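Undergrad: Counting from 1 along the sequence shown, just add 660 to a position and that's the residue number in this note's numbering. Heads up, the beta-carbon is just placed ideally off N, CA and C, and yes, glycines get one too. Small disclaimer: the values here were computed from a predicted structure and weren't measured.
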Amino acid sequence: MSGITGEAHAVTVAAEAIRSRLGGRTPTVAVVLGSGLGFLADTLGDAVRIRYADIPGFPVPSVVGHAGELVCGTLEGKTVLAQSGRFHAYEGHEAAVTARAVRAFAELGVGTLLLTNAAGGIRRTFRPGTLMLISDHVNLTGRNPLTGHVLPGETRFPDMSDPYDRHLRALAHEVARQRGVHLEEGVYVGLLGPTYETPAEIRMLDRMGGDAVGMSTVLEVIAARARGMRCLGISTITIFASGLSAQTLDHSAVMDVANRVKDGLGSLVSGIVGALD
Ligand code: HPA
661 MSGITGEAHA VTVAAEAIRS RLGGRTPTVA VVLGSGLGFL ADTLGDAVRI RYADIPGFPV
721 PSVVGHAGEL VCGTLEGKTV LAQSGRFHAY EGHEAAVTAR AVRAFAELGV GTLLLTNAAG
781 GIRRTFRPGT LMLISDHVNL TGRNPLTGHV LPGETRFPDM SDPYDRHLRA LAHEVARQRG
841 VHLEEGVYVG LLGPTYETPA EIRMLDRMGG DAVGMSTVLE VIAARARGMR CLGISTITIF
901 ASGLSAQTLD HSAVMDVANR VKDGLGSLVS GIVGALD
């Protein structure tokens, strides 16, 4: 079997394994949970949990703060699939593996993808705890999950002119206003990692138009757009990016702030899911 036939097969096998455990639930929305944001999965009603160990082709996550399970349940009347634990290229995964879950969600009929992540703030006014709606991204990972043969249902050169759906973004701002959650908006730069950036790299990303930086999301959104899913992304700014404060960067600080924004982010996500058509 060639590599890419292998990937199409891997996606289908994973999707079937997930479907067989959903007990007839048909999720229409998937939420990808970033570092320390797994609590959102616990807010789903009538939930079924599927461990990655039970899904062929889903690696078990190696990062603290990423659980390694899918949780399917109801939120604001919608059937939602929450991905607690994502696959990062810095763990050594191929780009196609980082996007495998998203492609499987598309095969299950999920049409809307909500992605959350923890990010470093580049824009000077973004203090730790800021929530930033992703308006657009710059993929500087050096990877792309669509290289190689074109998978069934995808096209060779997908359009990326509206990666984060403009209607969903307007909806997110409206929900934030109604719920009194402060929501900024900006450009997310996705890097490979796993090192945090140097101060010189952050100055470069700032001049390029980046507002926040992280090590996820962009590859998943590329695959989701290739499958025609509508995407919405929310970054939790967990730390000032390198060189913008005297603090050194470490994962425990990222997790602490992710913990602090729980209420605002949880309220925003459930409000958005409830307002989806
Ligand atoms: N840089 C890259 N990734 C991150 C950061 C950061 O400052 N914070 C959380 N994820």
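Could you spell out where the beta strand (DSSP E) holding Asp706 opens and where it closes?
TA: From DSSP, the beta strand (DSSP E) with Asp706 extends over Gly705 to Arg711.
Undergrad: Considering only their Cβ atoms, is the gap separating Pro805 from Ala756 smaller than 8 angstroms?
TA: Yes, the pair counts as a contact, with Cβ atoms nearer than the cut-off.
Undergrad: Please work out which residues of its chain come closer than 7 angstroms, Cβ to Cβ, to Val835, disregarding the five sequence neighbours upstream and downstream, and give them in chain order.
TA: Only Leu928, Gly931, Ile932 and Ala935 meet the Cβ criterion.
Undergrad: Rounding to the nearest angstrom, what Cα-Cα distance links Gly663 and Gln838 in this structure?
TA: Any answer about Gly663 is weak, because its pLDDT of 48 lies below 50 and its placement is not dependable; what the coordinates show is given next. Going from the Cα of Gly663 to the Cα of Gln838 covers about 48 angstroms.
Undergrad: Looking at C-alpha atoms only, which residue of His842, Leu909 and Asp706 is the closest neighbour of Gly737?
TA: When only C-alpha atoms are compared, the closest one is Asp706.
Undergrad: So the candidates are Thr898, Ser680 and Ala674; which of them puts its Cα closest to the Cα of His911?
TA: Taking only the C-alpha atoms, the option nearest His911 is Thr898.
Undergrad: Thr801 to Tyr750, Cα distance in whole Å?
TA: For Thr801 and Tyr750, the distance between alpha carbons rounds to 9 angstroms.
Undergrad: Run the Cβ filter for me: residues under 6 angstroms from any heavy atom of ligand 1, listed in the order they occur in the chain.
TA: Qualifying residues, in the order they occur: Ala778, Ala779, Gly780, Tyr856, Glu857, Val873, Gly874, Met875, Thr898, Ile899, Ala901, Leu909 and Val914.
Undergrad: Does the stretch 815-823 come within contact of the stretch 901-909, defined as at least 3 CB pairs closer than 8 angstroms?
TA: Too few Cβ pairs lie closer than 8 angstroms, so no.
Undergrad: Give me the DSSP bridge partner(s) of Met820.
TA: Answer is none; Met820 lacks a bridge partner.
Undergrad: Cα separation between Ile794 and Ala675?
TA: One C-alpha to the other measures close to 28 angstroms.
Undergrad: Would you list, in sequence order, the uninterrupted beta strand (DSSP E) runs of no fewer than 3 residues that lie entirely inside the stretch 842-880?
TA: Counting only runs of 3 or more, we get 843-851 and 872-874.
Undergrad: Would you identify the three-state DSSP class for Gly789, choosing helix, strand or coil?
TA: Here Gly789 sits in coil by DSSP.
Undergrad: Within a Cβ cutoff of 6 angstroms, which residues of the same chain sit near Phe900, ignoring the five residues on either side of it in sequence?
TA: Same-chain partners within the cutoff: Gly781.
Undergrad: Just verifying my parser: in three-state terms, what is the DSSP assignment at Gly926?
TA: DSSP places Gly926 in helix when its eight states are reduced to three.
Undergrad: In chain order, which alpha helix (DSSP H) runs of at least 4 residues are fully inside the stretch 715-776?
TA: Segments of the alpha helix (DSSP H) lying fully in the stretch 715-776: 755-758 and 760-767.
Undergrad: Indicate whether Pro812 and Ala913 have their beta-carbon atoms separated by less than 8 angstroms.
TA: Not closer than 8 angstroms, so no.
Undergrad: Please classify Ser795: does DSSP put it in a helix, a strand, or coil?
TA: Reduced to three states, the DSSP call for Ser795 is strand.
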